[in-house]
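Under this note's numbering, the residues of the sequence shown are numbered 181 to 484, in order.
Data block below; observations after.
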Amino acid sequence: MAIEWAWLRHREPSGMSREDLPRTRGTGAHVLLLHGLTGGPTELAYVARQLHMEGGSSVWCPRLVNHGERLNVLASTRSGQLYESARTHFLAARKVAHDCGAPLVIGGLSIGAVLSLLLAAEFPEDISGVICLAPTLFYDGWNVPWIHRLIPLVDYTPLKYFAYYREEAPYGLKDESLRKRVARAYQSVALPDNDDSGPHGYAHFPIRLFCESRHLVARCVRTLRDVKAPLLVVQASNDDVAGPRNSRHILDNVGSSQKDMLLLHNSFHMITADLERDRVAAVMARFCQRLTGNSINPSVAAIR
Numbered sequence: 181m182a183i184e185w186a187w188l189r190h191r192e193p194s195g196m197s198r199e200d201l202p203r204t205r206g207t208g209a210h211v212l213l214l215h216g217l218t219g220g221p222t223e224l225a226y227v228a229r230q231l232h233m234e235g236g237s238s239v240w241c242p243r244l245v246n247h248g249e250r251l252n253v254l255a256s257t258r259s260g261q262l263y264e265s266a267r268t269h270f271l272a273a274r275k276v277a278h279d280c281g282a283p284l285v286i287g288g289l290s291i292g293a294v295l296s297l298l299l300a301a302e303f304p305e306d307i308s309g310v311i312c313l314a315p316t317l318f319y320d321g322w323n324v325p326w327i328h329r330l331i332p333l334v335d336y337t338p339l340k341y342f343a344y345y346r347e348e349a350p351y352g353l354k355d356e357s358l359r360k361r362v363a364r365a366y367q368s369v370a371l372p373d374n375d376d377s378g379p380h381g382y383a384h385f386p387i388r389l390f391c392e393s394r395h396l397v398a399r400c401v402r403t404l405r406d407v408k409a410p411l412l413v414v415q416a417s418n419d420d421v422a423g424p425r426n427s428r429h430i431l432d433n434v435g436s437s438q439k440d441m442l443l444l445h446n447s448f449h450m451i452t453a454d455l456e457r458d459r460v461a462a463v464m465a466r467f468c469q470r471l472t473g474n475s476i477n478p479s480v481a482a483i484r
């Protein structure tokens with residue numbers, strides 16, 4: 181990742197409606213999935229669709245606060261705002277699941293997994309299962325630049341207001357065709373003109389957001405023992421952003437008695453869209469169906 185510098189004037193959120201993925205309705209578990217930082221609901225679209233079609237789940241993938249807004253609006257987002265956004269979506273999903281008498285499963289990708297663990301720690305009686313997809317507590321993947329180790333220091337300097345990582349290949353993707361598509365979308369995006377995100381998220385990652393995510397991660401690590409719900413963790417052994425140490429730390433420290441893990445060997449960080457997305461969707465579906473006591477769809481059970 182290359183660092184670019186700019187002073188982007190503060191702007192208020194536009195207030196424009198940013199679409200979530202359409203909420204699907206099924207007869208099984210209700211599943212709330214949270215996307216990662218600078219991402220969007222579309223990065224969960226494939227597994228959400230498979231959960232509904234093959235697993236019978238009702239699935240909702242909302243957009244976190246300020247995502248889809250101009251880059252300078254996103255950059256000003258605080259860790260508390262991110263958690264409150266996730267918490268608001270959770271409370272809405274909890275009400276729907278309660279009204280339907282269905283178990284509620286929460287999950288997320290990358291920092292979305294961290295937010296899910298925080299919610300599971302705060303609401304242990306209301307959550308039937310937690311799904312952590314490429315959870316990111318430590319940025320220790322093979323493509324994380326050495327300069328990232330300076331983030332704890334940058335958090336206390338004005339530099340964080342001017343610095344942005346420019347996303348570079350492989351973009352968390354081992355799938356070369358999808359990687360090329362993302363590269364084409366990003367190549368013409370200049371930092372001062374980066375008004376909002378497209379279907380592949382933002383071409384730049386604000387350093388301020390890295391700093392804010394540290395506070396969420398620290399809080400999550402402190403509360404892992406309060407997570408009691410059954411847990412599924414899925415991570416790539418060759419994750420370019422966050423390696424398997426993240427999953428091991430979670431599994432070793434949560435209070436859950438039921439813990440499952442799938443380690444992928446042909447994917448990078450964006451496991452919900454990469455080459456093994458079918459396996460990811462299948463193990464998620466089996467996890468949700470086990471919680472409801474429903475039988476496994478043969479087409480799902482066949483995928484290992």
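The C-beta atom is built at its ideal place from N, Cα and C for all residues, glycine as well.
query = CA-CA distance, Tyr319 and Glu347?
reply = Here residue 319 refers to the residue found at position 139 of the sequence shown. Here residue 347 refers to the residue found at position 167 of the sequence shown. Answer to the nearest angstrom: the Cα atoms are 15 angstroms apart.
query = Do Leu404 and Leu297 have their C-beta atoms within less than 8 angstroms of each other?
reply = Residue numbering aside, residue 404 sits at position 224 when the sequence shown is read from its first letter. Residue numbering aside, residue 297 sits at position 117 when the sequence shown is read from its first letter. Closer than 8 angstroms, so yes.
Coil, strand or helix - Lys360 by DSSP = The residue you call residue 360 lines up with position 180 of the sequence shown. Lys360 sits in a helix when the DSSP states are folded into three classes.
query = Taking all protein chains shown into account, do 16 or more other C-beta atoms lie within 10 angstroms of the C-beta of Pro338, making it buried, or fewer, making it exposed?
reply = Here residue 338 refers to the residue found at position 158 when the sequence shown is read from its first residue. With a 10 Å radius around the Cβ and a threshold of 16 neighbouring Cβ atoms, Pro338 comes out exposed.
request  = Could you tell me which of Arg425, Ala363, Ala383 and Val239 sits nearest to Leu254, measuring between CA atoms?
outcome  = Numbered from 1 along the sequence shown, position 74 holds the residue referred to as residue 254. Leu254 has its Cα closest to that of Ala383, out of Arg425, Ala363, Ala383 and Val239.
Residue ranges of each beta strand (DSSP E) within the region 305–361, 3 or longer = The qualifying runs are 309–313 and 343–346.
ask   = Short check: CB of Tyr344 to CB of Pro372, under 8 angstroms?
value = On the sequence shown, position 164 is the one that residue 344 refers to. On the sequence shown, position 192 is the one that residue 372 refers to. No, Cβ-Cβ distance for Tyr344 and Pro372 is not below 8 angstroms.
query = Where do the N-terminal and C-terminal ends of the alpha helix (DSSP H) with Met450 fall, by residue?
reply = In the sequence shown, residue 450 corresponds to position 270, counting from 1. For Met450, no alpha helix (DSSP H) encloses it, and the DSSP letter there is neither H nor E.
query = When burial is assigned at 16 or more other CB atoms within 10 Å of the CB, is Cys280 buried or exposed?
reply = Against the sequence shown, residue 280 aligns to sequence position 100. By the 10 Å Cβ count, Cys280 comes out exposed.
task = Could you check which residue in Leu244, Ala273, Glu249 and Ala272 has the C-alpha nearest to that of Ser259?
result = Numbered from its first residue, the sequence shown carries residue 259 at position 79. Nearest option by C-alpha distance: Leu244.
request  = Could you please give me the residues that DSSP links to Phe385 through a beta bridge?
outcome  = Taking the sequence shown and counting its residues from 1, one reaches residue 385 at position 205. Beta-bridge analysis with DSSP links Phe385 to Tyr345.
task = Taking all protein chains shown into account, decide if Pro325 is buried (16 or more other Cβ within 10 angstroms of its Cβ) or exposed.
result = Along the sequence shown, read from residue 1 onward, the residue named residue 325 stands at position 145. Pro325 counts as exposed, since fewer than 16 other C-beta atoms from the protein chains shown sit within 10 angstroms of its C-beta.
query = Which residues mark the beginning and the end of the alpha helix (DSSP H) in which Gln469 is found?
reply = The residue you call residue 469 lines up with position 289 of the sequence shown. In the DSSP assignment, Gln469 falls within the unbroken alpha helix (DSSP H) covering Arg457 to Thr472.
query = By DSSP, does Ser368 sit in helix, in strand, or in coil?
reply = Counting from 1 along the sequence shown, the entry for residue 368 is found at position 188. It is coil, neither helix nor strand.
ask   = Going by beta carbon distance, what residues of the same chain come within less than 7 angstroms of Ser417, once the five residues before and after it are set aside?
value = For the purposes of this step, residue 417 is taken as the residue at position 237 of the sequence shown. Closer than 7 angstroms at Cβ, skipping near neighbours: Pro424, Leu443, Leu444 and His445.
query = Are the beta-carbon atoms belonging to Tyr263 and Leu284 less than 8 angstroms from one another?
reply = Against the sequence shown, residue 263 aligns to sequence position 83. Against the sequence shown, residue 284 aligns to sequence position 104. Between Tyr263 and Leu284, the gap from beta carbon to beta carbon reaches 8 angstroms or more.
key: Buried or exposed (CB count within 10 angstroms, at least 16 for buried), Glu456   = Taking the first residue of the sequence shown as position 1, residue 456 is located at position 276. Answer is buried; the Cβ neighbour count reaches 16.
Runs of beta strand (DSSP E) lying entirely within the region 268–297, each at least 3 residues, in chain order = For the region 268–297, whole beta strand (DSSP E) runs of length 3 or above, ordered along the chain, are 284–289.
inquiry  = Give the list of continuous alpha helix (DSSP H) stretches no shorter than 4 residues that lie fully inside the region 208–243.
reply    = With a minimum length of 4 residues, the continuous alpha helix (DSSP H) runs that stay inside the region 208–243 are 225–235.
inquiry  = By alpha-carbon positions, which one of Ala273, Met233 and Leu353 ends up nearest to Ala465?
reply    = The residue given as residue 465 occupies position 285 in the sequence shown. Per the Cα distances, Met233.
ask   = Is Val245 helix, strand or coil when you go by DSSP?
value = Walking along the sequence shown from the start, residue 245 turns up at place 65. Three-state DSSP puts Val245 in coil, outside helix and strand.
inquiry  = Rounded to the nearest angstrom, what separates His328 and Gly206 at their Cα positions?
reply    = Taking the first residue of the sequence shown as 1, we reach residue 328 at position 148. Taking the first residue of the sequence shown as 1, we reach residue 206 at position 26. Whole-angstrom Cα-Cα distance: 42 angstroms.
Reference Leu431, options Leu353, Asp458 and Leu317, closest by Cα = Taking the first residue of the sequence shown as position 1, residue 431 is located at position 251. Looking at the Cα atoms, Leu317 is the closest of the given residues.
request  = Look up Gly566 in the DSSP assignment and say whether it is helix, strand or coil.
outcome  = As displayed, the chain neither begins before 181 nor continues past 484, which places residue 566 out of reach and without an answer.
Distance between Leu213 and Gly235 (C-alpha atoms, nearest Å) = Here residue 235 refers to the residue found at position 55 when the sequence shown is read from its first residue. Here residue 213 refers to the residue found at position 33 when the sequence shown is read from its first residue. Using only the alpha carbons, I get a separation of about 15 angstroms.
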